[in-house]
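This note's numbering numbers the first residue of the sequence shown as 2 and each following residue consecutively. We put the CB at the ideal spot given by N, CA and C, even for glycine. Quantities reported herein were computed from a predicted structural model and do not represent experimental measurements. Right, one structure below, let's go through it.
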Amino acid sequence: MDKVLKIGIIGCGAIGKDHCRRIMDTVPGATVVAVSDYVPAAADETAAKYGIRSFGSDCDGMIKDPEVEAVVITSIDPTHHDYVMKTLAEKKWCFCEKPLSLNGKDCEEIINKELEIGKRLVQVGFMRRYDRGYAEMKRIIDSGEIGAPLVIKACHRNVSQGPGFKTENGVTNVAIHELDICRWLLGDEYEDVQCVKVRQSANSTKGYDNPQVMLMRTKKGCFIDVEVQVADGYGYDIQCEVVCENGTVKLPDPYAVVRRSRPAGWDSLNPAESMPIMTDWKERFIEAYDIELCAWVQSVLAGKLTGPSAWDGYVACVAGDAMNASRGTSQFRKVETMEKPELYK
Ligand code: ISE
């Protein structure tokens, strides 16, 4: 019989439940055997749905349980570092949702632990690398057909944020995706970065900056401009255009059916051309998440990880640290990483 990877999930919130469903219903070669959550009832509820074990809030116990071969971490961001370290202490496979940690220093510890073990065990949930749109953009850029990349213009807009959201989370929780995807698209590394405060939206009433403009310059001299709105009041809107020497590539909208009509309720005589905009990020990247987890399971079963590594998680966090430190200084800040270890080359 083919081997089936036995997974334990930490965190039964939105993405945790979604990954549980995904692994149970869609991903071949894997099954969820246990769940845990700092709110025990959340773990119990998910466990009951699938008839699997609930460890309640005993996440550490679940990591150590002999039945659990791999751990998926979908708990809140500040807990990621600790759970990754505990999973590595057991020398188990680990899929950690982004961000790998809240800062570069904590990611460094994870890297040092992996180096000590001498094997990559951690994959970071940078699912955009598995999105068809981004993948095709990268293919075109890498082919060199439209020349060298020069500039990226991007935006990352969320509808709203839950309680406790802070300005710096606009980097650590939100723009961390761009900090990863831009260096991946360009095959380049960051030289320096700067976060600029611009005119604030009327939706910014909860004590955090919104929007923030994030600028990155790369070692090869590319310029990246990402407008980040964490409360845009209308939809989940992800855009990205890469300007190359002889052309451009642009991220397609996910469901790009264009409607031409007079929308219901309009008293105007003018018809309009329109396209729906999604509001839920889990839906926007649903296919990317499916492909990502299928690929992760296959690589674990093959004994060799191929997806975004602890190194990628680290670089994004180091750039994020510099981005947050630059806020209010009107200056670019250098992105200084350690030397890339052989394990990640
Ligand atoms: C969320 O965790 C994600 O990963 C989404 O892609 C991002 O847009 C959102 O801001 C995050 O909270």
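### Message
Helix, strand or coil for Met215? Go by DSSP, reduced to three states.
### Response
Residue mapping note: residue 215 aligns to position 214 of the sequence shown, counting from 1. In this structure, Met215 counts as strand in the three-state DSSP scheme.
### Message
Please give the ranges of any alpha helix (DSSP H) in the stretch 98-148, keeping only runs that are unbroken, at least 4 residues long and fully inside the region.
### Response
Counting only runs of at least 4 residues, the stretch 98-148 fully encloses the following alpha helix (DSSP H) elements, listed from N- to C-terminal order: 105-118 and 133-144.
### Query
Are there 16 or more other CB atoms within 10 angstroms of the CB of Tyr235, so buried, or fewer, so exposed?
Locating residue 235 in the sequence shown gives position 234, counting from the first residue. Tyr235 should be labelled exposed.
### Message
By alpha-carbon positions, which one of Glu91, Tyr191, Glu98 and Asp61 ends up nearest to Pro79?
### Response
As a working mapping, residue 79 is identified with position 78 in the sequence shown. Residue Glu98 is the option with its Cα nearest to Pro79.
### Query
How about Val57 and Val319: are their beta carbons less than 8 Å apart?
Working through the sequence shown from its first residue, we reach residue 57 at position 56. Working through the sequence shown from its first residue, we reach residue 319 at position 318. Going by the sequence as given, residue 57 is Gly instead of Val. Not closer than 8 Å, so no.
### Task
Tell me Arg334's beta-bridge partners as DSSP assigns them.
Reading the sequence shown from its first residue, position 333 is the one you call residue 334. In DSSP, Arg334 forms a bridge with Val194.
#### Entry: For Lys65, three-class secondary structure by DSSP
Numbered from 1 along the sequence shown, position 64 holds the residue referred to as residue 65. It is helical.
### Query
Taking only beta-carbon atoms, is Tyr84 less than 8 Å away from chain D?
Absent from the structure is chain D; it holds one protein chain and no more.
### Message
Just to confirm, is the Cβ distance from Tyr237 to Arg158 under 8 Å?
### Response
Taking the first residue of the sequence shown as position 1, residue 237 is located at position 236. Taking the first residue of the sequence shown as position 1, residue 158 is located at position 157. Taking 8 Å as the cut-off, the Cβ atoms of Tyr237 and Arg158 count as close.
### Query
Roughly how many whole angstroms lie between the Cα atoms of Lys335 and Cys196?
Mapped onto the sequence shown, residue 335 falls at position 334. Mapped onto the sequence shown, residue 196 falls at position 195. Cα to Cα, Lys335 sits roughly 12 Å from Cys196.
### Which of helix, strand or coil DSSP assigns to Cys245
Translated into the one-based positions of the sequence shown, residue 245 becomes position 244. Residue state, collapsed to three classes: strand.
### Task
Assess, as a yes-or-no matter, whether the stretch 128-146 is touched by the stretch 182-192 under the definition of 3 or more beta carbon pairs within less than 8 Å.
With the rule of 3 Cβ pairs closer than 8 Å, the stretch 182-192 counts as touching the stretch 128-146.
### Task
Tell whether a beta-carbon distance below 8 Å holds between Ile64 and Lys50.
As a first step, residue 64 is located in the sequence shown; it is residue number 63 there, counting from the start. As a first step, residue 50 is located in the sequence shown; it is residue number 49 there, counting from the start. For Ile64 and Lys50, no; Cβs fall outside 8 Å.
### Query
Shortest alpha-carbon distance to Glu190 belongs to which of Tyr315, Pro67, Asp254 and Val259?
Position 189 of the sequence shown holds residue 190. Closest option to Glu190, Cα to Cα, is Tyr315.
### Query
Which stretch, first to last residue, makes up the alpha helix (DSSP H) that contains Gln162?
Position 161 of the sequence shown holds residue 162. That residue, Gln162, is in no alpha helix (DSSP H); it is neither H nor E in DSSP.
### Query
Given Gly17, which residues of its chain have a CB within under 6 Å of its CB, disregarding the five upstream and five downstream residues?
The sequence position of residue 17 within the sequence shown is 16, counting from 1. Contacts found: Ile10 and Thr75.
### Message
Distance check for Val125 and Ser331, CA to CA, integer angstroms please.
### Response
Walking along the sequence shown from the start, residue 331 turns up at place 330. Walking along the sequence shown from the start, residue 125 turns up at place 124. So the two alpha carbons sit approximately 31 Å from each other.
### Asp233 versus Gly248 - alpha carbon distance
Numbered from its first residue, the sequence shown carries residue 233 at position 232. Numbered from its first residue, the sequence shown carries residue 248 at position 247. The straight-line gap from Cα to Cα measures roughly 30 Å.
### Task
Inspect the CB distances between the stretch 209-219 and the stretch 170-182 and report whether three or more fall short of 8 Å.
Verdict: yes, contact present.
### Query
Who are Ser262's beta bridge partners in DSSP?
Position 261 of the sequence shown, counting from 1, holds the residue named residue 262. Ser262 pairs with Ala273.
### Query
Going by alpha carbons, who is nearest to Gly208 out of Lys221, Gly165, Ser102 and Glu228?
Residue 208 sits at position 207 when you count from the first residue of the sequence shown. When each option's Cα is compared against that of Gly208, the closest is Gly165.
### Task
Using only alpha-carbon positions, find the residue among Leu101, Asn204, Glu228 and Lys341 that is nearest to Phe127.
In the sequence shown, counting from the first residue as 1, residue 127 sits at position 126. Considering only alpha carbons, the answer is Leu101.
#### Entry: Cβ-heavy atom distance, Val243 to the ligand ISE, below 7 Å
By one-based count along the sequence shown, residue 243 stands at place 242. Because no heavy atom of the ligand ISE lies under 7 Å away, the Cβ of Val243 does not count as near it: no.
### Message
I'd like to know whether the C-beta atoms of Met276 and Arg263 end up nearer to each other than 8 Å.
### Response
One-based indexing of the sequence shown puts residue 276 at position 275. One-based indexing of the sequence shown puts residue 263 at position 262. At a Cβ-Cβ threshold of 8 Å, Met276 and Arg263 do not count as neighbours.
#### Entry: 8 Å Cβ cutoff met for Val399 and Val160
This structure leaves residue 399 out entirely; the chain is present only between 2 and 346.
#### Entry: Residue of Asp313, Leu151 and Leu294 minimising C-alpha distance to Ala71
Along the sequence shown, one-based indexing puts residue 71 at 70. Ranking the options by Cα distance to Ala71, first place goes to Leu294.
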